[in-house]
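Q: Got a structure for you, questions after.
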Amino acid sequence: NHVYSVCNDKHELMSEIQKIYKEKDVLLNKYFHKKVSKECKIDFIPTIKGRTAVAYYNNGGMNKRNIPTFSVNSNPLLLPKCVLKSLVIHETEPGHHYQFQYMKDKGISPFLIYMRYTAFVEGWALYCENLGDYTDNELFGKYMEEKLRAIRLVIDTGIHAFGWDKQKTKQFFVSNSLLPEEKIDIQIDRYLANPAQALGYKLGELFFNNYKEKWIQSGLDIKDYHSLILDNGVIPFKILEKKIKKVLEK
Numbered sequence: 293n294h295v296y297s298v299c300n301d302k303h304e305l306m307s308e309i310q311k312i313y314k315e316k317d318v319l320l321n322k323y324f325h326k327k328v329s330k331e332c333k334i335d336f337i338p339t340i341k342g343r344t345a346v347a348y349y350n351n352g353g354m355n356k357r358n359i360p361t362f363s364v365n366s367n368p369l370l371l372p373k374c375v376l377k378s379l380v381i382h383e384t385e386p387g388h389h390y391q392f393q394y395m396k397d398k399g400i401s402p403f404l405i406y407m408r409y410t411a412f413v414e415g416w417a418l419y420c421e422n423l424g425d426y427t428d429n430e431l432f433g434k435y436m437e438e439k440l441r442a443i444r445l446v447i448d449t450g451i452h453a454f455g456w457d458k459q460k461t462k463q464f465f466v467s468n469s470l471l472p473e474e475k476i477d478i479q480i481d482r483y484l485a486n487p488a489q490a491l492g493y494k495l496g497e498l499f500f501n502n503y504k505e506k507w508i509q510s511g512l513d514i515k516d517y518h519s520l521i522l523d524n525g526v527i528p529f530k531i532l533e534k535k536i537k538k539v540l541e542k
């Protein structure tokens, strides 16, 4: 149906994604003090990797010659139009690309930029999705992705805490999702290999949302909240929480 429509080919898909990315300044001006020095390159996932992912961001690492890139699968059936807005916000700006590039621009220690702390990095990108302005169709797509993440919380704990096999996991996924089978298989393989990753995403988002509400209720500037989060690098929430509470208690 119209709400779940897909692009005709990979060229239309890339055009739609580029168009959404170009709107990023609206969000940045509203919620952030600074813009970052490098834009994010957007490209297709190399064919050899096409089976392994739907979309991902590569921050380029410490080598300054590497270009930070958001890569998407060239199969339009895996990325309906309605999910593109929240996906682009998550992977580029103000999500992953903004976070990593902001920290690089600030000269933060590489140790604190590239820390493998899922709750912070993925929680930040999920949190940023909530900052977007969405049409009804785009909001449907965002809710569809949120439902997917709810399913992932169940299968993550099902596999790693309750010993679900792949068949039981897939059966649960299929009965609760409208995703194509190929995308379901990719998701299951991912969570088999990454214990607690899905939990990390959600716990991080809840942390950032919780303190955002308290920050706004205290009459403080949301731009200052985002600066405080990013100015210190990727740090454990216990340390970040102390820094946030220090400002809230003033």
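Here this note's numbering is used: the first residue of the sequence shown is 293, the next is one more, and so on. Ideal Cβ placement from N, Cα and C applies to all residues, glycine included.
If I follow the unbroken beta strand (DSSP E) through D397, where does it start and stop?
A: Careful: D397 lies outside any beta strand (DSSP E), inside the alpha helix (DSSP H) at 388-398.
Q: When you compare the CB positions of F432 and V295, do they come within less than 9 Å of one another, or not?
A: Contact: yes.
Q: Short check: CB of A417 to CB of H388, under 9 Å?
A: Contact: yes.
Q: If you check the beta carbons only, do K377 and I334 fall under 9 Å apart?
A: Not in contact: K377 and I334 (Cβ atoms no closer than 9 Å).
Q: If you check the beta carbons only, do Y493 and E533 fall under 9 Å apart?
A: Taking 9 Å as the Cβ cut-off, Y493 and E533 do not qualify as a contacting pair.
Q: Could you tell me which whole alpha helix (DSSP H) segments of length 4 or greater appear in the stretch 461-507?
A: For the stretch 461-507, whole alpha helix (DSSP H) runs of length 4 or above, ordered along the chain, are 473-485.
Q: Give me, in chain order, the residues of the same chain whose beta-carbon lies closer than 6 Å to that of L320; leave out the 5 immediate sequence neighbours on both sides.
A: The answer, listed in chain order, is K327.
Q: Unbroken alpha helix (DSSP H) runs of length 4 or more, entirely within the stretch 300-374: which are they?
A: Complete alpha helix (DSSP H) runs here, min 4: 302-313, 316-323.
Q: Do I337 and S363 have their C-beta atoms within less than 9 Å of each other?
A: Contact flag set, yes.
Q: Just the Cα atoms here: how many angstroms apart are S510 and K542?
A: The alpha-carbon atoms of S510 and K542 are separated by roughly 10 Å.
Q: By how many angstroms is the C-alpha of W456 removed from the C-alpha of A488?
A: Roughly 14 Å between the two C-alpha positions.
Q: In chain order, what are the residue ranges of uninterrupted alpha helix (DSSP H) at least 4 long that sit wholly in the stretch 426-452?
A: Correct list: empty.
Q: Quick one: residues in its chain with C-beta nearer than 8 Å to the C-beta of A490, no 5 flanking neighbours on either side, listed in chain order?
A: The residues are R441, R444, L445, I447, D448, Y483.
Q: Around the Cβ of V241, are there at least 16 other Cβ atoms within 10 angstroms (buried) or fewer (exposed)?
A: Given that the chain is displayed from residue 293 to residue 542, the structure contains no residue 241 and the question cannot be resolved.
Q: Taking the Cβ atom as the reference point for each residue, do I536 and L520 lie within a distance shorter than 9 Å?
A: Yes, these two residues count as a Cβ contact at 9 Å.
Q: Looking at L471: is its Cβ nearer than 9 Å to the Cβ of Q479?
A: Taking 9 Å as the Cβ cut-off, L471 and Q479 qualify as a contacting pair.
Q: How long is the line joining the alpha carbons of I254 and K314, rounded to whole angstroms?
A: The question about residue 254 has no answer here: the residues shown for the chain are numbered 293 through 542.
Q: Using the Cβ count rule (16 or more neighbours within 10 Å means buried), how would you classify F412?
A: It counts as buried.
Q: Report the rounded CA-to-CA distance for N429 versus M354, giving the unit in angstroms.
A: Answer to the nearest angstrom: the Cα atoms are 38 Å apart.
Q: So the alpha helix (DSSP H) P402 belongs to, where does it begin and stop?
A: That run of the alpha helix (DSSP H) goes 402-405.
Q: Helix, strand or coil: which one does DSSP assign to I521?
A: Correct three-state label for I521: helix.
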